[in-house]
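Written out below as structure tokens is the structure these notes cover.
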Amino acid sequence: MSRNVLIRFVPPTPIKVKTSKTESRTREWDGEKLAAFLQEGLEIWAGDKYPDFEMKVAVSRQAEIRFVNWKPDKTEAEELRAEIGEQISLVLEGIEPEDYLSD
Numbered sequence: 055m056s057r058n059v060l061i062r063f064v065p066p067t068p069i070k071v072k073t074s075k076t077e078s079r080t081r082e083w084d085g086e087k088l089a090a091f092l093q094e095g096l097e098i099w100a101g102d103k104y105p106d107f108e109m110k111v112a113v114s115r116q117a118e119i120r121f122v123n124w125k126p127d128k129t130e131a132e133e134l135r136a137e138i139g140e141q142i143s144l145v146l147e148g149i150e151p152e153d154y155l156s157d
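Counted from 1, the sequence shown has number 91 at position 37 by our numbering; the numbering is strictly sequential.
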């Protein structure tokens, strides 16, 4: 039986880009596109290390890693959350911001 892991992902805050000395504009991150990229990267990692995991990344307003339909013990849950958090950081290091920011 596969183990479902739901990752509630909060996109980074919008960034302000100066367009001139006195003007700037705000660029928003494409949360859905970032979530898809993150899910793909996590599935590659989990496929090798945790082949019985099914990863689902959803855009949210609150970050959370949930274990759906199974409950690891407290120590295992903490370790898995930390490991998944590290992988999230590693995957997101690979983005090209221009591909994920609004025009």
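Backbone N, C-alpha and C fix where the C-beta goes; we use that ideal spot for every residue, glycine too.
Asked	Found
Using a Cβ-Cβ cutoff of less than 8 Å, which residues in the same chain neighbour Leu-96 once the five nearest sequence positions on both sides are dropped?	Ile-61, Met-109, Val-111, Ile-138, Gln-141, Ile-142, Val-145
How far does the beta strand (DSSP E) with Arg-120 in it reach, from first residue to last?	118-122
Run the CB neighbour count on Val-59, radius 10 Å, all protein chains shown included, and call it buried at 16 or more, exposed below.	buried
Exposed or buried, which one is Trp-124 when buried takes at least 16 other CB atoms within 10 Å?	exposed
How close, in whole Å, do the beta carbons of Thr-80 and Lys-70 come, if the pair is a contact with beta carbons under 8 Å?	5 Å
Three-state secondary structure (DSSP) at Lys-87?	helix
Which ranges would you report for the beta strand (DSSP E) in the segment 60-109 if only whole runs of at least 3 residues count?	69-72, 78-81
Does Ala-117 pass the burial test, meaning 16 or more other C-beta atoms within 10 Å, or should it be called exposed?	exposed
Nearest CA to the CA of Pro-151: which residue from Val-64, Pro-68, Ser-114, Phe-63?	Pro-68
Give the DSSP-derived three-state secondary structure of Arg-57 in the structure shown.	strand
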